[in-house]
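Participant: The structure follows.
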Amino acid sequence: MALTEGRLGIVAGSGTLPALLAEAEPDAMVVAFEGTELTLPEARVERHRVEKLGSLFKSLKAAGVSRVVMGGGWARPNINPLKADALMLRLAPRVMQAVKGGDDGILRLVISVFEEQGFSVVGAHEVLPALTAAPGLLAGPKPRAEAMSDIARARTILDALAPVDVGQGCVVADGLCLGIETLQGTDALLRFVGDTPARLRGQRKGVLVKRPKQGQDLRVDMPALGPRTVEAAASAGLEGIAIAAGQVLILDRAEVEAACTRHKLFLLAEQG
Numbered sequence: 002m003a004l005t006e007g008r009l010g011i012v013a014g015s016g017t018l019p020a021l022l023a024e025a026e027p028d029a030m031v032v033a034f035e036g037t038e039l040t041l042p043e044a045r046v047e048r049h050r051v052e053k054l055g056s057l058f059k060s061l062k063a064a065g066v067s068r069v070v071m072g073g074g075w076a077r078p079n080i081n082p083l084k085a086d087a088l089m090l091r092l093a094p095r096v097m098q099a100v101k102g103g104d105d106g107i108l109r110l111v112i113s114v115f116e117e118q119g120f121s122v123v124g125a126h127e128v129l130p131a132l133t134a135a136p137g138l139l140a141g142p143k144p145r146a147e148a149m150s151d152i153a154r155a156r157t158i159l160d161a162l163a164p165v166d167v168g169q170g171c172v173v174a175d176g177l178c179l180g181i182e183t184l185q186g187t188d189a190l191l192r193f194v195g196d197t198p199a200r201l202r203g204q205r206k207g208v209l210v211k212r213p214k215q216g217q218d219l220r221v222d223m224p225a226l227g228p229r230t231v232e233a234a235a236s237a238g239l240e241g242i243a244i245a246a247g248q249v250l251i252l253d254r255a256e257v258e259a260a261c262t263r264h265k266l267f268l269l270a271e272q273g
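Taking this note's numbering, I'd label the letters of the sequence shown as residues 2 to 273.
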């Protein structure tokens, strides 16, 4: 059930998530920065330049927006200082400092700036709770003990990398780390794994583990899983996918589960 306190503003990135959020709250105001590729009809979207944050906030407030949700994929913007408005110029030192701190630093800054402007920042999972899963086996065969061991190993690796702001995904086979998700994303990780020679992969097929980094703010950067990820995992020769229950968005869930069943991949939602 969607939240109802105040009008919602959707800051839309790429992918299908913004459209799902807009469907959940038809009255929501949808805004996007110029250059963002959207699946929503352009008539549904109000475009803004990233250098003109002042006009963005003014427009949201004029439309009665009090809550903001950010959904979809994001690329680091190319900011033209010659086109920056007064607000962006004031934020420039903080932006430069945040960029040095990696994606987490940038996202924390984004949240703080919206909150300073009087908006409540909510997560996509708060607007549409059905996007996440309760603990349990969601699709496919029951994971074997060996697969569970690989899942535990992947979690250990991701926990170790969390302090340096690297990765929400890891592939492990036979206890061996075959790849970590980096800025290139999950699809690139799975292509890399698929290209790994069999002699390096051990005796097991391997698993993909997707979960947020420790301390990650799920309001703006919750990991996501969609049908394309399942197809890529199958192409990479994996036997299953494990996600963090309640902390990973499942986009097009029916198709995700159908694809797992079709490829005989397990999809497991783990507690904690």
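Don't be surprised by glycine CBs; every beta carbon is placed ideally from N, CA and C.
Distance, Cα to Cα, L54 vs A99?
Facilitator: Taking the first residue of the sequence shown as position 1, residue 54 is located at position 53. Taking the first residue of the sequence shown as position 1, residue 99 is located at position 98. If you take the alpha carbons of L54 and A99, they lie about 17 Å apart.
Participant: What are the boundary residues of the beta strand (DSSP E) that M30 is part of?
Facilitator: Numbered from its first residue, the sequence shown carries residue 30 at position 29. Start and end: 30-34.
Participant: Compute the Euclidean distance between the alpha carbons of R220 and A246, then round it to the nearest angstrom.
Facilitator: Counted from its first residue, the sequence shown places residue 220 at position 219. Counted from its first residue, the sequence shown places residue 246 at position 245. Each residue's alpha carbon lies about 16 Å from the other.
Participant: With distances taken between CB atoms, is the gap from G74 to G10 smaller than 8 Å?
Facilitator: By one-based count along the sequence shown, residue 74 stands at place 73. By one-based count along the sequence shown, residue 10 stands at place 9. The answer is no: Cβ separation not under 8 Å.
Participant: Measuring straight from C-alpha to C-alpha, what distance separates C261 and I152?
Facilitator: Translated into the one-based positions of the sequence shown, residue 261 becomes position 260. Translated into the one-based positions of the sequence shown, residue 152 becomes position 151. Taking the straight line joining both Cα atoms gives about 17 Å.
Participant: Does the distance from the C-beta atom of Q169 to that of P94 stay below 8 Å?
Facilitator: Against the sequence shown, residue 169 aligns to sequence position 168. Against the sequence shown, residue 94 aligns to sequence position 93. The answer is no: Cβ separation not under 8 Å.
Participant: Can you tell me where the beta strand (DSSP E) holding L129 begins and where it ends?
Facilitator: Residue 129 sits at position 128 when you count from the first residue of the sequence shown. L129 -> no beta strand (DSSP E), and no H or E assigned at all.
Participant: Identify the continuous beta strand (DSSP E) that holds K211 and give its terminal residues.
Facilitator: Against the sequence shown, residue 211 aligns to sequence position 210. That run of the beta strand (DSSP E) goes 208-211.
Participant: With the cut-off set at 8 Å, would you say R45 and V123 are in Cβ contact?
Facilitator: The residue given as residue 45 occupies position 44 in the sequence shown. The residue given as residue 123 occupies position 122 in the sequence shown. It is not a contact, given that the beta carbons lie outside the stated cut-off.
Participant: Please report the straight-line C-alpha distance between I158 and M30, rounded to a whole angstrom.
Facilitator: Numbered from its first residue, the sequence shown carries residue 158 at position 157. Numbered from its first residue, the sequence shown carries residue 30 at position 29. Computed Cα separation, rounded: 40 Å.
Participant: Under three-state DSSP, which class holds I158?
Facilitator: Here residue 158 is taken as the residue at index 157 of the sequence shown, counted from 1. Correct three-state label for I158: helix.
Participant: Look at the Cβ atom of I244, then the Cβ atom of R212, and state whether they are nearer than 8 Å.
Facilitator: In the sequence shown, the residue the question calls residue 244 occupies position 243. In the sequence shown, the residue the question calls residue 212 occupies position 211. Yes, the pair counts as a contact, with Cβ atoms nearer than the cut-off.
Participant: Determine the DSSP secondary structure at T5, reduced to helix, strand or coil.
Facilitator: In the sequence shown, residue 5 corresponds to position 4, counting from 1. Confidence in T5 is poor, its pLDDT being 44 and thus under 50, which makes the residue's placement too unreliable to answer from.
Participant: What three-state label does DSSP hand A243 in the structure shown?
Facilitator: Position 242 of the sequence shown holds residue 243. Strand, per DSSP.
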